[in-house]
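What follows is a single structure, written as structure tokens, with notes after it.
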Amino acid sequence: MANSSSSSITFSFDNINNNNGIKKVEYKYTVLSGNETWFTSYNNKIDNSGITETFNKLYKNGDEHILEKVGTSQNKNSWEIKEFLNTKQEKHYIDDYNNNNFNDILIKCLIENINKNYNEVDTKKNNKIRAKSENNLLDIKVEDDNYSLSIKKK
Numbered sequence: 007m008a009n010s011s012s013s014s015i016t017f018s019f020d021n022i023n024n025n026n027g028i029k030k031v032e033y034k035y036t037v038l039s040g041n042e043t044w045f046t047s048y049n050n051k052i053d054n055s056g057i058t059e060t061f062n063k064l065y066k067n068g069d070e071h072i073l074e075k076v077g078t079s080q081n082k083n084s085w086e087i088k089e090f091l092n093t094k095q096e097k098h099y100i101d102d103y104n105n106n107n108f109n110d111i112l113i114k115c116l117i118e119n120i121n122k123n124y125n126e127v128d129t130k131k132n133n134k135i136r137a138k139s140e141n142n143l144l145d146i147k148v149e150d151d152n153y154s155l156s157i158k159k160k
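With this note's numbering, letter number 122 in the sequence shown gets 128, and the count goes up by one each step, no holes.
This is the structure in structure tokens:
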């Protein structure tokens, strides 16, 4: 079986009421190769109580072993991480926030997905991605873990 992979990134904003909006970024990446599977998911939720980030990394080797690493961070503080082997918890520890930073992965995923869906993409501007298609102009700006997205109809 040949390798296959899938990646997706989703931005959402839920406006519960005028005082409490929730911004979310969700990233998923999967690779299938023979009987092996690698899966990574990352969620970033910002609301009036702060920033909550979670990740889940999973590796499955056929029916033999399932290795899983789960992390949670509040307001960009250290990650609380749990590691499992075949659903049995093996480790529980605190790790530096920067050791599990997903910004570069998110930007790479954005660029890959934009390149597939837009015919003119410029990533040379500082912290900015601009993409054009027949009907849309897409601007994404990244600064210190803050993302802004604008889509304009031509």
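By construction, the Cβ of each residue, glycine as well, lies at the ideal position given by its N, Cα and C atoms.
Remember, it's a predicted structure, so these values are computed and weren't measured experimentally.
Per-residue burial, residue i [other beta carbons within 10 Å of its own, 16 or more giving buried]
i	result
Y99	exposed
F19	exposed
E59	buried
N81	exposed
N67	exposed
N50	buried
Residue i to residue j span [Cα, whole Å]
i	j	result
L38	N9	6 Å
N78	G40	According to the sequence displayed, residue 78 carries Thr and not Asn. Between T78 and G40, the C-alpha separation is close to 31 Å.
L91	G56	32 Å
K32	Q95	For clarity, residue 32 is Glu in the given sequence; the question names Lys instead. Approximately 25 Å, taken between the alpha carbons.
F45	I87	17 Å
T36	L112	14 Å
I15	K30	10 Å
K114	F108	10 Å
Y65	V76	12 Å
N104	Y48	15 Å
E42	I28	36 Å
E89	K97	5 Å
N106	I72	20 Å
Nearest-angstrom Cβ-Cβ length linking residue i and residue j, presumed shorter than 8 Å
i	j	result
N21	D53	With 8 Å as the limit, N21 and D53 do not qualify as a contact, their Cβ atoms being about 11 Å apart.
S84	D102	6 Å
S13	E118	7 Å
E74	N62	7 Å
Within-8 Å CB hit, residue i to chain C
i	result
N50	Chain labels in this structure do not include chain C; a single protein chain is all it has.
Entirely within the segment 7-60 and at least 4 residues each: give me those alpha helix (DSSP H) ranges in chain order. None, since the segment 7-60 contains no complete alpha helix (DSSP H) of that length.
At which residue ranges does the segment 75-118 contain complete alpha helix (DSSP H) runs of 4 or more residues, listed in the order of the chain? For the segment 75-118, not a single whole alpha helix (DSSP H) run of length 4 or above is found.
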